[in-house]
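If you're matching positions, the sequence shown starts at 805 in the numbering used here and goes up one per residue. Think of the CB as a built atom: it goes at the ideal place given N, C-alpha and C, for glycine as much as any other residue. Please read all numbers here as calculations on a predicted model, not as lab measurements.
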Amino acid sequence: MQVLKAVCSARVFVALLALAVAVAAPANAQQNWHAKVGAETPDMARQALAFLPNELWIHAGDSVTWTFNSDEIHTVSFLVVGQAFPPFPVGCPGFSFGVASFDGSTCVTTPPTVKGQPNFTVSFPSAGNYKVQCLVHNTMNGVVHVLDASLSLPHNQAFYDAEAMREARNLLTDNDGATSADMKGMNGAAAASSMKMSHSMDSISVRVLAEEKRHSAISAKLADSPGNAAEPSTRVTAGVGEIASTPGGLQTNSLVRFVKGTVQIHAGQTVEWSNSDPEEPHTITFGTEPEDLFDPSPNVTVDPDGGLRAVLNSPSDSVHSGFILQALDDQPCMPVNSNPNNSIALNHTRFRVTFMAPGTYNYLCALHDGLGMVGEVVVVP
Ligand SMILES: [Cu+2]
């Protein structure tokens, strides 16, 4: 009984102490929280398309400051329930700069932003659960839980800082098994650092290896049948990615590189590029970049299987694949999207080019060459 009394009075003491602390630091003091937008390896090849962390618990009246942290563009956007998902160049329409307030009634978004550009601070006056979304990357989102000021919060800023680092590391070390030697645009030190982080047997590497295996089986079959010069002799993976999830929402990692993108072939042979990234579109662009990056150049045709095709007669020729990308997935109970440019498995994800003349053909992704996404086709007689 004495013990119980002692425990009880200790509890009362702790409770009184907690009350004293609560009085000393009023629950309604407004706090400013911090989170990051995106992360990347030093060579920019691996991109974490993610809010880091992507789940926060704060009090009504608090604010959150998001710092942009990658050379890939992102937005911090809070949309209104029921509004049409806006294209990122359009915004809400319109954009907020520097500071904004969100209570669920009026859309707020930054313009597309990269590392080194101004932070974005959003204050949340009302309790509620608010989804944060990147308008550039559909599979990049999170949630801010805004609690009444009388409730206690589960985590402090130190927890969120550690969580951001942990999530970024998990996304950036998800290696597809490719080495720096497989990719142009990987410089020595940066390549070494990303190699150090690699672990070879994760699901992405399995995916790439499986695809390579399938390809070599096809090649063996084609070699038996004559007259298939238009069939690809060489295949290049134009980007690889993977969608991950926390309880707060989706995060995506993308390898923004042409894997084994420097290839040598004979005149008359064909190279096929294919995109294995669920989120990032890429282009395969030779020569002059067109104004319209989204659509293929006029010298591109469509194969019966939906793959795109072109023929280059000289290293000075230009051709642009347009966006090679996976479509967004269809949602249960929503109308299935019949637009072939925006329904799953019906997008152009492959580009085939036949090279007629010897020479060196340099190419790039018109969207990501700034991140180092370039390659080279050497055509020998
Ligand atoms: Cu790209």
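Do residue i and residue j have their CB atoms nearer than 8 angstroms?
| i | j | result |
| --- | --- | --- |
| Ala852 | Ala972 | yes |
| Gly1045 | Leu1059 | yes |
| Pro857 | Gly1052 | yes |
| His878 | His959 | no |
| Leu1175 | Glu876 | yes |
| Ala1048 | Thr1041 | no |
| Leu1189 | Ala843 | Residue numbering for the chain in the displayed model covers 805 to 1185; residue 1189 lies beyond these limits and cannot be assessed. |
| Gly924 | Thr914 | The sequence given here has Phe at residue 924, not Gly. It is a contact, given that the beta carbons lie within the stated cut-off. |
| Val1123 | Val1106 | no |
| Asp1134 | Val1140 | yes |
| Leu939 | Pro890 | yes |
| Val936 | Val880 | yes |
| Gly908 | Tyr934 | yes |
| Pro1119 | Thr1164 | yes |
Excluding the 5 residues preceding and the 5 following residue i in the sequence, name in chain order all residues of the same chain whose CB lies nearer than 6 angstroms to its CB.
| i | result |
| --- | --- |
| Glu1180 | Thr1066 and Asn1166 |
| Val1115 | Thr1158 |
| Lys1025 | Reliability of the predicted coordinates at Lys1025 is poor, the pLDDT of 37 falling under 50, and no value is obtained from them. |
| Val912 | Phe882, Ser900, Ala904 and Phe906 |
| His1172 | Val1060 |
| Ala1170 | Thr1087, Thr1089, Glu1093 and Leu1097 |
| Phe1155 | Trp1077, Ile1088, Leu1112, Ser1125 and Ile1128 |
| Phe1062 | Val1040, Ala1042 and Gly1179 |
| Tyr964 | Pro857 |
| Ala888 | none |
| Thr943 | Ile1047, Leu1054, Thr1056 and Glu1083 |
| Gly1110 | none |
| Val884 | Cys911 |
| Ala966 | none |
| Leu957 | Trp861 |
Per DSSP, what are the beta-bridge partners of residue i in this structure?
| i | result |
| --- | --- |
| His878 | Thr917 |
| Thr943 | For Thr943, which the question treats as bridged, DSSP gives no partner whatsoever. |
| Val926 | Val868 and Ala904 |
| Phe1159 | Leu1116 |
| Lys935 | Val947 |
| Leu853 | Thr1056 |
| Arg1154 | Ser1078 |
| His959 | DSSP output for His959 lists no bridge partner at all. |
| Gly1179 | Tyr1167 |
| Leu860 | Val948 |
| Val912 | Phe882 |
| Gly895 | Gly898 |
| Lys840 | Leu856 and Thr871 |
| His1124 | Thr1089 |
| Val1184 | His1070 |
Sorted by chain position, which residues of the same chain lie with C-beta nearer than 8 angstroms to residue i's C-beta, five sequence neighbours on each side aside?
| i | result |
| --- | --- |
| Ala864 | Phe928, Pro929, Ser930, Ala931, Val950, Leu951, Asp952 and Ala953 |
| Ile1069 | Ser1037, Thr1038, Val1075, Phe1159, Val1181, Val1182, Val1183 and Val1184 |
| Gln1130 | Asn1079, Asp1081, Pro1082, Glu1083, Ile1148, Asn1151 and Thr1153 |
| Asn836 | Asp866, Ser867, Val868, Thr869 and Thr925 |
| Ala826 | Model confidence at Ala826 stands at a pLDDT of 42, short of 50, so the residue's coordinates are unreliable and nothing is read from them. |
| Gly1031 | Model confidence at Gly1031 stands at a pLDDT of 40, short of 50, so the residue's coordinates are unreliable; what they give is reported in the following sentence. Counting only Cβ-Cβ distances below 8 angstroms, and skipping sequence neighbours, we find nothing. |
| Gln961 | Trp837 and His838 |
| Asn974 | Ala1048 |
| Pro1108 | none |
Rounded to whole angstroms, how far is the Cβ of residue i from the Cβ of residue j, which I believe are closer than 8 angstroms?
| i | j | result |
| --- | --- | --- |
| Phe855 | Val841 | 6 angstroms |
| Ile862 | Val947 | Between Val947 and Ile862 the Cβ distance is about 11 angstroms, and since that is not below 8 angstroms, they are no contact. |
Using a Cβ-Cβ cutoff of less than 7 angstroms, which residues in the same chain neighbour residue i once the five nearest sequence positions on both sides are dropped?
| i | result |
| --- | --- |
| Asn1117 | Met1160 and Ala1161 |
| Phe872 | Val841, Gly842, His878, Thr917, Val918, Lys919 and Gln921 |
| Asp1121 | Phe1090 and Gly1091 |
| Asp1099 | Gly1126 |
| Pro1136 | none |
| Ala1034 | Thr1074 and Thr1158 |
| Ala968 | Ala839, Lys840, Leu856 and Pro857 |
| Glu1095 | none |
Contained beta strand (DSSP E) runs [length at least 3] in the segment 1037-1119, N- to C-terminal order: 1053-1063, 1066-1070, 1074-1080 and 1112-1116
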